[in-house]
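In this note's numbering, the protein residues as written are 18 to 301.
Just so you know, even glycine gets a beta-carbon here, dropped at the ideal spot from N, CA and C.
What follows is a single structure, written as structure tokens, with notes after it.
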């Protein structure tokens, strides 16, 4: 399925046509290029064979409208290592980005924050020990995130689809869906409930992201430190979707890799969490 560049509305006579992708392993619409210009093979979204597998749940889907923010703000999250601590309650122990062609990858391993774990973990409310995530945007607005949640007694594999489309320059619609693998010893009902809970947790994180987007000013040339990640390189990759195909440069699509050393920020964050736990214990 081709994700068409986010460009200004084309004239009524524009020879594009909208087609549905009927492959059960992919979801969405695509805008075909003008007649005589077939879509390149490298702009198709990868199939998800898990969608048709019997041991995976149905989609738990959510749609929200984001007002007052350009959709570039959500793309910036691809390189935002620090927000995993504050928004998703994780110590990012490994964080790497790879941009190539029309795909932008984020590899993240994280340990769960002890100060946000349930005081008395249970089967209904287990403690997340950590996560392993491989997330990738394929085109400007369709992300597949394969996330494994690590618990004391098992690992839970999930797939998140996160996609959006612009309403105008300052508003967009965000949609995301979750499916969960049904492990041995887990009933279908328990797996479905886990998918619902995972969707609610993701929604909570997105709502915190939205609060950040709505309270920051767009800056095209920000002053950055190394731990801010490859913001400029990501935006250069993203720019290819705002120009005609003939204007896409090698600089926008050439392979780029960047790994952040998370040692120093994690030292500060672990000290902060230790203070939180000590303060909580003192109140008992």
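With 16 other CB atoms within 10 Å as the buried threshold, where does residue i fall?
i: residue 139; result: exposed
i: residue 126; result: buried
i: residue 280; result: exposed
i: residue 62; result: buried
i: residue 110; result: exposed
i: residue 46; result: Its pLDDT being 47, under 50, residue 46 is placed unreliably in this model, and the value from its coordinates should be taken loosely. Residue 46 comes out exposed.
i: residue 80; result: exposed
i: residue 187; result: exposed
i: residue 148; result: buried
i: residue 202; result: exposed
i: residue 65; result: buried
I'd like to know if residue i contacts chain B, where contact means its C-beta is closer than 8 Å to some C-beta of that chain.
i: residue 204; result: Looking for chain B here will not work: only one protein chain is present.
Look at the Cβ atom of residue i, then the Cβ atom of residue j, and state whether they are nearer than 8 Å.
i: residue 153; j: residue 122; result: yes
i: residue 85; j: residue 231; result: yes
i: residue 92; j: residue 255; result: yes
i: residue 78; j: residue 197; result: no
i: residue 130; j: residue 290; result: yes
i: residue 124; j: residue 151; result: yes
Which stretch, first to last residue, makes up the beta strand (DSSP E) that contains residue i?
i: residue 121; result: 120-129
i: residue 192; result: 188-197
i: residue 151; result: 147-155
i: residue 173; result: 172-185
i: residue 77; result: 77-84
i: residue 164; result: 159-167
i: residue 312; result: Absent from the structure is residue 312, since the part of the chain shown begins at 18 and ends at 301.
Tell me where the alpha helix (DSSP H) around residue i begins and ends.
i: residue 214; result: 205-230
i: residue 109; result: Premise fails: residue 109 lies in the beta strand (DSSP E), 107-117, not in any alpha helix (DSSP H).
i: residue 100; result: 100-103
i: residue 286; result: 280-299
i: residue 358; result: This structure does not reach residue 358, given that the chain is present from 18 up to 301, and the question cannot be answered.
i: residue 250; result: 248-255
i: residue 267; result: 267-270
Please confirm whether any heavy atom of the ligand NAP lies closer than 7 Å to the CB of residue i.
i: residue 229; result: In the structure on display, the ligand NAP does not appear, and there are no ligands present to speak of.
Give me the Cα-Cα distance between residue i and residue j, rounded to the nearest whole angstrom.
i: residue 189; j: residue 268; result: 28 Å
i: residue 273; j: residue 263; result: 21 Å
i: residue 211; j: residue 142; result: 10 Å
i: residue 300; j: residue 293; result: 11 Å
i: residue 185; j: residue 226; result: 19 Å
i: residue 214; j: residue 134; result: 15 Å
i: residue 167; j: residue 102; result: 17 Å
i: residue 118; j: residue 159; result: 14 Å
i: residue 176; j: residue 163; result: 5 Å
i: residue 192; j: residue 208; result: 21 Å
i: residue 235; j: residue 88; result: 11 Å
i: residue 199; j: residue 261; result: 44 Å
i: residue 170; j: residue 145; result: 10 Å
i: residue 233; j: residue 94; result: 14 Å
i: residue 252; j: residue 295; result: 41 Å
i: residue 204; j: residue 220; result: 24 Å
i: residue 270; j: residue 120; result: 9 Å
With a cut-off of 8 Å on the beta carbons, I'd call residue i and residue j a contact; round off their distance for me.
i: residue 303; j: residue 244; result: With the chain covering only 18 through 301, there is no way to say anything about residue 303.
i: residue 68; j: residue 156; result: Actually they do not touch by this definition, with Cβ atoms about 19 Å apart.
i: residue 286; j: residue 112; result: The pair is not a contact, with the Cβ atoms about 13 Å apart (cut-off 8 Å).
i: residue 114; j: residue 247; result: 6 Å
i: residue 222; j: residue 76; result: Not a contact, Cβ separation roughly 18 Å.
i: residue 250; j: residue 116; result: 6 Å
i: residue 98; j: residue 229; result: At roughly 15 Å, the Cβ-Cβ gap does not stay under 8 Å, so residue 98 and residue 229 are not in contact.
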